[in-house]
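Single-structure report; data block below.
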Amino acid sequence: MSDPSPSLHLRQRLRRGRDRLATALITAGGIGVVAALLAIGVFLVVEVLPLFWPAPADTGADVSWQALWLPQSYEGYDAPQHRWQPTVTSAEERPQYGMTPLVWGTLKAAAWALVIAVPLALGAAIHSALFMSRRLRSRIKPTLELMEALPGVVIGFIAGLVLAPWVERHLAGALAMVVLLPPGVLIAGWGWTRLPAPLRRGLPLGWAGLWLIPWLLVLVTAALALAPWLEAGWFGGDLRGWLETRLGLEYASRNAVIVGLAMGFAVMPSIYALAEDALSGVPASLAEGAQALGATRWQTLWQVMLPAASPGVFSAVMIGAGRAVGETMIVLMASGNAALMTLSPFDGMRSMAASIAIELPEAALGGTHYRLLLLAALALFVFTFLVNTLAEVVRVRLRRRYRRLGGAP
Amino acid sequence: MMPRVLPRRRWGEGPWPWLAAGSVALSLLALGALLLLLAGRGLGHFWPAPVALVELENGHRLAGEAVKEEPPGEEASGTRGRERLYRTANRDLDAGSWTWVALEAIADVSHPSELVVLERRRWGDFIGRLVAVERDGRALGEGASAWPVLQARLDALQALRDEQARLRRESILPLAARLAAGPDAEASRELALANARRRALQAEADRDRLVLESVDGRRLEQPLAEVVRAWRPNAMSPLEKLAAWGQGVWRFLSEGPRAANTAGGVWPAIFGTVLMVLLMSVLVTPFGVLAAVYLNEVAHQGRLTRLVRIAVRNLAGVPSIVYGVFGLGVFVHGIGGSLDGWFFEEALPSPTFGTGGLLWASLTLALLTLPVVIVATEEGLARIPDHQREGALALGATRLEMLARVVLPMAAPAMLTGVILAVARAAGEVAPLMLVGVAKLAPQVPVDGDFPFLHLDRKFMHLGYHIFDTAFHGGDVQAALPLVYATALLLVLVILVLNLTAIFLRHHLKVRHGALPRV
Amino acid sequence: MLRRGKVRRRWLGVLMLVLTMPMAMADEVVGTLGAVGSDTLAGLMLRWGEQLTDRHPGVRLQLQASGSASAPPALMAGTTRLGPMSRAMSDAERGDFVEHHGYPPVAIEVARDALVVVVHRHNPLEGLRLTEVDAIFSDTRRCGGEQAITRWRELGIERPDGPLALHGRNAASGTYGLFRQRALCNGDFRVRLDEHPGSAAVVAAVAASPRAIGYAGRNHLTAGVRALTLVDAEGNAYRPDPERVRQGDYPLSRTLYLYLNLPPGQALPGPERAFVELILSPEGQETVTELGFVALPQATLERQRRRLGLNDAP
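Read top to bottom, the protein sequences are chains A, B and C.
The numbering of the first sequence is the numbering used here, which starts it at 2 and goes up by one.
The numbering of the second sequence is the numbering used here, which starts it at 614 and goes up by one.
The numbering of the third sequence is the numbering used here, which starts it at 333 and goes up by one.
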């Protein structure tokens, strides 16, 4: 009681020490965690390096940088070929390590996924940012985010074992659907303008996302009903034959379009979420200004909001591309895994991610095949990392621009 | 292109908004169709389907459940009409358990109520008539009286099975564990005794036999011990069917897979998924929060920190398979191999940790979800206004006290959101697990009564991998499909619930901190 | 509930003690068996695993099925002691094993299987000559296929017309390796061939399209597809019947193996011994038939039992 200062002093020092210790621990831990994350890239580089350095011959591997990417001449073929056939069944064979088809397949699958996903996602983003009623929007956004969480293995299973056989059987019906849906929706819009005003108020554009669903169902049914007639009238009764003789396209049941549909469905929500954020983040003053000058909402969108939000939309598409390139299970289950290099949308392909998933457990540790699969992983890593960084940088710029334009973030 | 070209009074906003609305509707439709498909096929499988007795024009008779109908294929136009697929079961009598029947060839379809369906442990289901129940060769019930007797015997059999299971659980497995630890004469003797008792129970169960007859008149002797359950779908009332449906769903959730994953349930897969995800969250939460606190509160906010922050954010976009490759190379072969060399040398050449397993899978997924947690936590930390921190410091708190008493509690909901999002992402990931440790069948869940209770080195089953495996590797793909649908539905439900929790939490967080200005 | 259980337990205890005194055996088997290898054998291994646990409750089997090619490295690295393979080990694989361990692995024949070439059930094609199989599936045509066959018309089929859609397995599987060896003479597969990650997927794909043709394990046959008769160079036709496969006449028949890492002179450890005993027993072989494979001839079973020093079957 007489002299509290020593214990106080001691406690003070203890607190300071503890604080310093904690700070040091947090620093060490934080740096450690971040380093562990970044170690992924380092690990891949270290494992891939022995393929090419010190010298390819030292590893006993028959690969060189050129051999991986350029067509090679193999026994039994007239012309040099791109072939990926890494396992051999007899000792005289030599494995064929042409990685170009894998890269091609990866990009092709991703491209088709984007062809499906981007229009859908941007359309949905525009509708929900501009036209949708507030109440509906607060429900739809989380719903589409839930869609993002659907596991790839489920989508892949549906695409590979349900969608692919169905489309093969109802090829004309599927085509009719693609042809019929957009005009059908437009007809709905036109019909809506002809409705008496009370009915129109009952079916506002803000809720069109919901009340168009039954109409879409009608359209789908109509497309399926019209399909045989369409096939008989325009394609000589056999769409597949027509595709083959007129366009020279062979239809494989697991093909780029199926993969695109499935993967488009999978990446669409992430593109949507980011694009919607970008659009709804455009400062209100801009849009209000345009509308005050007599522009419709669509004109405002096209001439004011989209230019302002374009970097955000771009980065959304980039993120989607990153996801599509790395998606494994969907491609593995729905693409057919034939290492083809064709442009045809009705051919299958083999992607790098699917090859890694299915071949790496069997590849001998440290062998050429193992390291090549790691090279594929490194390529995926670098590609997605770069794409995401680009997207991130653009997004940061965009945020700054909004702040300058509108004040509020 | 420009909506201007269309007169505004006719089109309202022009045609384009309708296309935009259409894409929302189309996405919702696709999502709804997917969920409906999963729910319909997955849950419908457990409903006891009526068994049809089909008489063909050529005099053949068959009994089975109608599965699906197909229109004539384009290739075979003109020659064939619609066809229907029947599940006729009886794989030990016929070669296969499925029959395609052309609708034109059917003379008559009836649904006699005496047709029974038996679920058996071997040769799949039986569909046909029950002739007699015998015990040691003497008939206990014949004809019409056989059915009630069968029910009674099945109940008795269940009691024997329960007893066997209890014996296995309570004496045999612990004894086996003791023996596995080293030679132990007493345990060995006790185990022999327990096993003998179990065999005697088995012998008791083997005394009952069924005499069965297929609808085309072939007889079959069936040991009752191999019958799991029996029902007469045509004689069941809707209420009974509902009860049977509920039971079927419960058995699917609570039992292990049988018949090479084409029958039975998914309990080990549910358990494996949940356990792996739990372990992952235990690993990812502290590290994620630590890194976020460091980046946001401790590190000097310079260019480097900003770069690191962007890099971490981008790692969330790196494909999961790349993390799987890292896990295989570093955790399994690198760390696992070294651990085996140091601590489990006596077990070599069989690896303990040098092969894929629960620990490595959890670690890999923890790494995969680390960016998610870091980003979410950072967002929570950034929302906390600086004056809160300054206030705490001004009152004499050290930085540790400020962090622990003021900042972290305020950021707690954000952390929680991050962890739940991480869990939702991890529960659906399959590709990395294919590299670091799922097994096709591991009926032994990785937690049991043996020390150390939680076996981190074991392989485990996973719902997502189970879907892939059963659909692509299973023996009879037609038989496996309904279970694949059901498993997929289950996985989707688990993930939806987790995500909804995260959304709810985030909403809650926004309401609570809505008044705070964003930084 | 509790009381009833207790009473029943006591009653059973007494009964069992009386009944089982003479049956009590020494040497109970306990332990965990790990197996890495063929996914063709996966279903069979799982069922044997279940039966093994039924016989010896203290034993369990853990299986990792990712393809036959994964068995030799796993056996060599010691990741596992059991390597189920749907083909014999190649000389290179055996050589690696010997180099690493100093003794060869023990091969046990466990069942016979056959690969079947399947078409949709509506496809009118009855059979194929082996040279035609080569001409259909191979780019290099080393097995005597003269002209590449890419359209059904070239096989004399009117409907379906159009190109053949080819389906097969991925490269890591023994099914792939066997087909490539026997039907393609180690030639290259056509690039335009869908490589599915499982035989069930191949069958499902063929069952969905009348234009499809593919190869898969015989045990995956379902009602949606039909197996083709194969005709060899001398004009003998072979259907993939159990008897043909058991005798090994059918050109694409094969033996399924279980490889063991067992140093020479040592006896099989308990769990492994119990497992092999089960496989070679009548019960184990009935499971083989049940799952769509073909059981081994009696003589082969007995020869192997003797070689491994197992008791004769009861």
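Just so you know, even glycine gets a beta-carbon here, dropped at the ideal spot from N, CA and C.
Original post:
In whole angstroms, what is the alpha-carbon distance linking A37 of chain A and G30 of chain A?
Top reply: 10 Å
**OP:** Could you check if Q630 of chain C is buried or exposed, using at least 16 other CB atoms within 10 Å of its CB as the buried criterion?
**Re:** exposed
**OP:** Pull up the DSSP beta-bridge partners for Y589 of chain C, would you.
**Re:** C:M417, C:E441
Original post:
Which residues, in order along the stretch 537 to 558 of chain C, keep a beta-carbon less than 9 Å from a beta-carbon of chain A?
Top reply: A537, A539, A540, S541, R543, A544
**OP:** Measure from the C-beta of A358 of chain C to each C-beta in chain A and report whether the shortest distance is under 7 Å.
**Re:** Residue placement at A358 of chain C cannot be trusted, given a pLDDT of 41 that sits under 50; the coordinates are not used to answer.
**OP:** Assign A113 of chain A to buried or exposed, taking buried as 16 or more other Cβ atoms, counted over all protein chains shown, within 10 Å of its Cβ.
**Re:** The displayed chain sequence assigns Trp, not Ala, to residue 113 of chain A. Buried, by the Cβ-count rule.
Subject >> Member of A:N338, A:G161, A:R401 whose CA lies at the smallest distance from the CA of I1080 of chain B >> reply: A:G161
Original post:
Using a Cβ-Cβ distance under 7 Å, would K681 of chain B count as near chain C?
Top reply: no
**OP:** Give the straight-line distance between the Cα atoms of K681 of chain B and Y907 of chain B, rounded to the nearest whole angstrom.
**Re:** 59 Å
**OP:** Could you pull out every residue in the same chain whose Cβ sits closer than 6 Å to the Cβ of M357 of chain C, ignoring the five residues on either side in sequence?
**Re:** A caution first: M357 of chain C carries a pLDDT of 42, below 50, which makes its placement in the model too unreliable to give a value.
Subject >> Short CB-CB distance (under 7 Å) between H128 of chain A and chain B >> reply: yes
Original post:
Checking contacts by CB at 7 Å: is G655 of chain B closer than that to chain A?
Top reply: no
Subject >> S74 of chain A, buried or exposed, once every other Cβ within 10 Å from all chains shown has been counted against 16 >> reply: exposed
Subject >> Pairwise C-alpha distance: L231 of chain A and L1109 of chain B >> reply: 40 Å
Original post:
Would a check of beta-carbon distances place P630 of chain B closer than 7 Å to chain A?
Top reply: yes
Original post:
Does DSSP put T1030 of chain B in a helix, a strand or coil?
Top reply: helix
**OP:** Note down the Cα distance separating Q914 of chain B from L920 of chain B, rounded to an integer number of angstroms.
**Re:** 10 Å
Subject >> A633 of chain B Cβ short of 6 Å to the ligand NAD heavy atom set >> reply: Among the components modelled here there is no ligand, and therefore nothing to report on the ligand NAD.
Original post:
Does the Cβ of F1117 of chain B have 16 or more other Cβ atoms within 10 Å, making it buried, or fewer, making it exposed?
Top reply: exposed
Subject >> For A924 of chain B and A68 of chain A, the rounded distance between their alpha carbons >> reply: 33 Å
**OP:** List the endpoints of the continuous alpha helix (DSSP H) containing H1079 of chain B.
**Re:** 1076 to 1086
Subject >> CB contact flag (V902 of chain B, A1035 of chain B, <7 Å) >> reply: no
**OP:** Consult DSSP for L227 of chain A and reduce its assignment to one of helix, strand or coil.
**Re:** helix
Original post:
For E169 of chain A and chain C, any beta-carbon pair shorter than 7 Å?
Top reply: yes
Original post:
For W208 of chain A, which of B:A634, B:Y936, B:A1044 has the nearest alpha-carbon?
Top reply: B:A634
Original post:
Any chance the stretch 14 to 30 of chain A sits against the stretch 337 to 347 of chain A, with 3 or more Cβ pairs inside 8 Å?
Top reply: no
Original post:
Are any of the Cβ atoms in chain A nearer than 7 Å to that of G672 of chain B?
Top reply: no
Original post:
Who are the neighbours of A455 of chain C on chain A, taking C-beta pairs under 9 Å?
Top reply: The amino acid at residue 455 of chain C is misidentified as Ala; the sequence shows Asn. Under the 9 Å cutoff, chain A gives no residues; its nearest Cβ is about 15 Å from N455 of chain C.
Original post:
Beta-carbon of L187 of chain A versus every beta-carbon of chain B: anything under 7 Å?
Top reply: yes
Subject >> C-beta neighbour in chain A for N593 of chain C, strict 7 Å >> reply: no
**OP:** Please confirm if F132 of chain A has its CB atom under 7 Å from at least one CB of chain B.
**Re:** yes
Original post:
Of all the CB atoms in chain A, is at least one closer than 7 Å to the CB of Q479 of chain C?
Top reply: no
**OP:** Would you grab the beta carbon distance between A1101 of chain B and L651 of chain B for me? Rounded to a whole angstrom, and I think it's under 8 Å.
**Re:** 5 Å
Subject >> Helix, strand or coil at H10 of chain A [DSSP, three-state] >> reply: helix
Subject >> For I740 of chain B, the first and last residue of its enclosing beta strand (DSSP E) >> reply: 739 to 748
Original post:
Do you know whose CA, among B:P851, B:H1121, B:E1003, B:T982, lies nearest A904 of chain B's CA?
Top reply: B:T982
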